[in-house]
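**Student:** Got a structure for you, questions after.
Chains as they are written, first to last, in my numbering: chain V, 100 to 175; chain E, 159 to 525; chain W, 188 to 455; chain L, 5 to 191.
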């Protein structure tokens, strides 16, 4: 399952990634403060909707989003 | 005398000195009376593996030099007074980034456009900074065509040794005149290794090199300043140069640079025939200025007075007075507007001084 | 690409901070597209494998500290003079890849002469021109590219063409010069356009690597703080207002011109 | 001590600057200290272009000459300007084709040479200044002819070397004309 990781201390909470996600998986929860005193966004994907499309990472001005995709095992 | 001598213009000889020092970049903008430099560079620097660009402005030229010297190359630009004013912005940055480079100022008359005749009105601008902030240019003042070549050559060596911009401060007379030059004292050379700091292909494993002049934190800025201050203090101790002519028994010491020092030479010959004891003290580095050497004459019982002839309204005389500290009268002869001294302009005041040595500081305006 | 194992599953990282950036976090305001632009430049440099050959020129403006963020040799230079410095450095090190990173005040006001002449000489350097229609660092004064009617701290009643002229169109101005190899205007307002911008920046570096001439990419960028907007409103402003005044597109493409010439030759 | 101070003056384009450089160069290869400087500043006003040459056996101070002991005037304004400034005992070459004046000073040695006529006869009007230089060499015997000839060769650009013979001829014709005048005056 693809997924993303928000690098909390790099995120400045600009929220440009929020509308960029086609599945609305990134939220402005203001749940915690980071080292800079800013609210980083939160990524919540209980249903595994993330497709690893990278749109969030592309629009992120702070390179604060890491995107992972599963390594497909070639069947022997 | 060696057979190497060639008969050249001062401005051309300066270029030859630069080639021999391994100068690989000249960027400049034409301005009289130093067009020969731009023209000669455009024609010949290629023969020495270098590059020439006639820049869109003096501002662009100094910044091109900044780029070239940041890569470790030996680079120079030249101009005359109004153009040097435009270069001051770049020189300030270059000084703070400690980039070695050479700039030549063939001074013309100012302020404003002034005229193209020889003048010395840029002494303050050159020796007291010129651009914004605290910085100094190592400044050499040639008075012959031989020295035009030699001092450009030396300026490259000093600039690299101290990682500081160096200026060759001269006037239209020295730039335009032709004299024999012997290049034997200027063997062809390559620049020293600058791989410690130069902008370069980034080698895996080496720290990246960043050249900058901004430190927003005042404490960091002060640390950067300390480094410059320390360098300037060492320069003052180690690099002061001057030349003397018949000073051993002199009762009147004339302190002069550039073409007025040549006229002083002629005047001294005339006065010596009359038995008058006059000598010439010629600062070669006007920054660092030879305060201590001049102070020795101020302290000497033999010396009655000091005379400073300048083609301006009185600039170097302030440094001379700092050296003399009111111990002796310091007289001034001004010739300005682009007029050049005749030996008589100097012989008359010197005779007057020797007749009445107690006379306090006097100002002669000759026109 | 790095492979990591999380709870027994192997993942590869498909998006992260590019190698050509240092670990120093950007100091730009939240939502500022300087960061986005830095990131795609670094990605291009990574993809072209030229990190070790790059020399960057930092200009004056918000990007004055850009040398903190790019992981290669850098010099910070006087306001407006980046392309003159790049010229000097490139002439001495033709094998290095020279990049200037300049804002609208730097490139289109104080440095107009340096810009036009570097382009006209066809200097083999790549210029990234960030146009956000305002002076960000000094606190929101009018830029040469400020839109008509736009209020800034020095055009408090809105920019008035009669008194201060029109927004300066640098790409359109530079494209006709024969030294230009690649000139494009791109935007940062959404992911699609950011990807397009990255492609343009890659082409601009290729123009330098292939010795074609001067290349510049004008990046329409967000300055939501000085525009007094949220980041989202800011990117919307780019999309709706900025692109109207500054049409996106490729203004000069040397490869296309060469291909057209070739076709004409073959047909003729 | 030898201290030769010359002014060569005329219209711009007459070759005045070049003949100054030739004699200064010749002085150098004859192991003198020499300096040449073009007219500069206000003295260049008023229809004359001129250059100063200093030749000495000691280090040269001022390259400017204010009371020259050797002068060539190639036109009338130059005569008016420099003849009165000359040091007593100096030598003056007057180009009679463009300067009809006669010097009334009795402390100068003056030769009157139709340099343009000589030049035209030799082959080209442009050689007038070299003819004047030849006449000057006859009146002021400081630099040897052999060195002067080397100087003329040095001053000719590579693409004009075919003019060398003609230049040397003009030099010697000018010198001959001056020598004849000096001989007549001595009688």
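By construction, the Cβ of each residue, glycine as well, lies at the ideal position given by its N, Cα and C atoms.
Only a predicted model underlies this, so the values are computations on that prediction, with no experimental measurement involved.
Closest by CA to residue 401(E), which one among 491(E), 353(E), 441(E)?
**Tutor:** 441(E)
**Student:** Are three or more beta carbon pairs between the segment 399–412 of chain W and the segment 12–22 of chain L nearer than 8 Å?
**Tutor:** No: fewer than three Cβ pairs fall under 8 Å.
**Student:** List the residues of chain W whose Cβ lies closer than 8 Å to the Cβ of residue 115(V), in chain order.
**Tutor:** 218, 418, 419, 422
**Student:** Could you check if residue 268(W) is buried or exposed, using at least 16 other CB atoms within 10 Å of its CB as the buried criterion?
**Tutor:** buried
**Student:** Within the continuous beta strand (DSSP E) that includes residue 7(L), where are the two ends?
**Tutor:** 7–14
**Student:** Please report the straight-line C-alpha distance between residue 101(L) and residue 124(L), rounded to a whole angstrom.
**Tutor:** 12 Å
**Student:** Residue 220(E) by DSSP, collapsed to three states: which one?
**Tutor:** helix
**Student:** What are the start and end residues of each continuous alpha helix (DSSP H) run of 4 or more residues lying completely inside the segment 184–223 of chain E, in chain order?
**Tutor:** 193–202
**Student:** Considering only the beta carbon of each residue, do residue 283(E) and residue 191(E) sit closer than 7 Å?
**Tutor:** no
**Student:** From the DSSP output, read off the bridge partner residues of residue 298(E).
**Tutor:** 326(E), 443(E)
**Student:** Indicate whether residue 277(E) and residue 496(E) have their beta-carbon atoms separated by less than 7 Å.
**Tutor:** yes
**Student:** Closer than 8 Å between beta carbons: that is the criterion. Which residues of the segment 271–294 of chain W meet it against chain E?
**Tutor:** 271, 272, 273, 274, 275, 276, 277, 278, 279, 280, 282, 283
**Student:** Give me the chain E residues within the contact set of residue 28(L), using Cβ-Cβ distance strictly less than 7 Å, ordered along the chain.
**Tutor:** Near residue 28(L) (Cβ distances below 7 Å), the residues of chain E are 165, 336.
**Student:** Decide yes or no for the touch test of the segment 359–370 of chain E against the segment 245–262 of chain W: beta carbon pairs closer than 8 Å, at least 3 of them.
**Tutor:** yes
**Student:** Between 286(E), 215(E), 222(E), 182(E), which lies nearest to residue 446(E) when the distance is taken from Cα to Cα?
**Tutor:** Cα-wise, what sits closest to residue 446(E) is 286(E).
**Student:** So the candidates are 346(W), 225(W), 217(W); which of them puts its Cα closest to the Cα of residue 205(W)?
**Tutor:** 225(W)
**Student:** Could you round the C-beta distance between residue 138(L) and residue 29(L) to whole angstroms and report it? I think they count as a contact, below 8 Å.
**Tutor:** Not quite, the Cβ-Cβ distance comes to about 16 Å (not below 8 Å), so this is no contact.
**Student:** Compare the beta carbon distance of residue 11(L) and residue 56(L) with 7 Å and say whether it is the shorter of the two.
**Tutor:** Yes, the Cβ-Cβ distance between residue 11(L) and residue 56(L) is below 7 Å.
**Student:** Of all Cβ atoms in chain E, is any one closer than 7 Å to the Cβ of residue 259(W)?
**Tutor:** yes
**Student:** Distance check for residue 471(E) and residue 488(E), CA to CA, integer angstroms please.
**Tutor:** 14 Å
**Student:** Let me confirm a value: residue 352(W) is counted as buried when at least 16 other C-beta atoms fall within 10 Å, else exposed. Which label applies?
**Tutor:** exposed
**Student:** Return yes when the Cβ of residue 507(E) is within less than 7 Å of the Cβ of residue 491(E), no when it is not.
**Tutor:** yes
**Student:** Under a three-way DSSP split, which group does residue 169(L) fall into?
**Tutor:** DSSP, reduced to helix, strand and coil, places residue 169(L) within a helical segment of the structure shown.
**Student:** Just reading off the alpha helix (DSSP H) that residue 376(E) is part of, what are its end residues?
**Tutor:** 376–396
**Student:** Ends of the beta strand (DSSP E) at residue 336(E)?
**Tutor:** 336–339
**Student:** At a Cβ threshold of 7 Å, is residue 133(V) touching chain W?
**Tutor:** no
**Student:** Pull up the CB-CB distance for residue 140(L) and residue 76(L), whole angstroms please, since I reckon it's below 8 Å.
**Tutor:** 5 Å
**Student:** Are there any heavy atoms of the ligand ADP lying less than 6 Å away from the beta-carbon of residue 180(E), as far as the coordinates show?
**Tutor:** The ligand ADP is not part of this structure, which contains no ligands at all.
**Student:** Considering only C-alpha positions, which residue in the set 197(W), 195(W), 216(W) is nearest to residue 410(W)?
**Tutor:** Cα-wise, what sits closest to residue 410(W) is 216(W).
**Student:** Is the CB of residue 300(W) under 7 Å away from at least one CB in chain E?
**Tutor:** For residue 300(W), the answer is yes, since a Cβ of chain E falls inside 7 Å of its Cβ.
**Student:** Please return the same chain residues whose Cβ sits closer than 6 Å to the Cβ of residue 281(E), not counting the five positions on each side in sequence.
**Tutor:** 473, 474
**Student:** Identify the contact partners of residue 331(E) in chain L, using a Cβ-Cβ distance below 8 Å as the criterion.
**Tutor:** 41, 44, 67, 68
**Student:** Can you give me the C-alpha to C-alpha distance between residue 398(W) and residue 368(W), rounded to a whole angstrom?
**Tutor:** 9 Å
**Student:** Under the assumption that residue 312(W) contacts residue 270(W) (Cβ atoms under 8 Å), give the Cβ distance between them as a whole number of angstroms.
**Tutor:** 7 Å
**Student:** Note down the Cα distance separating residue 378(E) from residue 340(E), rounded to an integer number of angstroms.
**Tutor:** 47 Å
**Student:** Using the C-alpha atoms, what's the distance from residue 160(L) back to residue 167(L)?
**Tutor:** 8 Å
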